[in-house]
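Here the sequence shown stands for residues 15 to 178, numbered as in the working numbering. Okay, so here's the structure we're looking at.
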Amino acid sequence: MCRSVFTSIKNITKKRYTNHVSNSCKRRDLPFSDNFFDGVFNIFVIEHLINPYPMLKEIYRVLKPTGQLVIATDTKWFYKYTRILFEWRQKGFKKRKPDDSTHVNLMTPEKLRKILTKSGFKIVDEFIKYFSLQRIRFLTQWLPKRIWDSFLSTSFMFICRVEK
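Here it is, written out as structure tokens:
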């Protein structure tokens, strides 16, 4: 799942929906009435929250009964792997290391599935991006999906429906 997917979402949102709001995540309580929105995009936000439940409760509140949530995040193991790559390739990255000090709640796809379900959302589709491991792709035949998702995914996106 490339960042271009999220850029496309942003562009589609601006073109297709004349009534859209962005950057409202700076508020604890969204200034909208119940059942206000048809959809909410929550792109690379949840990993910055110690407790994601209040945010998901607010999203649930402002979504219409037929509303959808699109949520994306980096995975728990992504930063561990990229840190190794950054340290190994210091010259190429000018000694820059990934700053994960604000990433206080990195999770696996399985953990986010549980959080979303507990918050009243039903996952209707998912997209998981994996490390490009062409030489060991044969492992997918023997490794359980749970292991593959947990340790070899870099980011993921869920499309959810409200269960009201």
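Glycine is no exception: its CB is placed at the ideal position from the N, C-alpha and C atoms. Please read all numbers here as calculations on a predicted model, not as lab measurements.
Buried versus exposed call for residue i [16 or more other C-beta atoms within 10 Å across all chains shown]
{"i": "Y74", "result": "buried"}
{"i": "N65", "result": "exposed"}
{"i": "S115", "result": "exposed"}
{"i": "S47", "result": "exposed"}
{"i": "V118", "result": "exposed"}
{"i": "F107", "result": "The predicted position of F107 is uncertain, since its pLDDT is 46 and thus under 50; no value can be drawn from it."}
{"i": "K90", "result": "buried"}
{"i": "E177", "result": "exposed"}
{"i": "E61", "result": "buried"}
Residue range of the beta strand (DSSP E) that includes residue i
{"i": "I64", "result": "That residue, I64, is in no beta strand (DSSP E); it is neither H nor E in DSSP."}
{"i": "I85", "result": "L77 to D88"}
Beta-bridge pairing of residue i - partner residues as DSSP gives them
{"i": "D139", "result": "I173"}
{"i": "V54", "result": "L83"}
Cα-Cα separation between residue i and residue j, rounded to whole angstroms
{"i": "T122", "j": "D139", "result": "16 Å"}
{"i": "I173", "j": "G81", "result": "11 Å"}
{"i": "G134", "j": "V54", "result": "15 Å"}
{"i": "L120", "j": "T87", "result": "8 Å"}
{"i": "D43", "j": "F141", "result": "29 Å"}
{"i": "P68", "j": "E124", "result": "20 Å"}
{"i": "P79", "j": "N49", "result": "7 Å"}
{"i": "I129", "j": "P45", "result": "24 Å"}
{"i": "N56", "j": "I137", "result": "14 Å"}
{"i": "K143", "j": "L77", "result": "27 Å"}
{"i": "T131", "j": "K71", "result": "12 Å"}
Start-to-end residues for the alpha helix (DSSP H) that takes in residue i
{"i": "I60", "result": "Run containing I60: none; DSSP gives neither H nor E here."}
{"i": "I123", "result": "Note that residue 123 is Pro in the sequence shown, not Ile. From DSSP, the alpha helix (DSSP H) with P123 extends over P123 to K132."}
Within-7 Å CB hit, residue i to chain C
{"i": "F58", "result": "Note that chain C does not occur in the displayed structure, where there is just one protein chain."}
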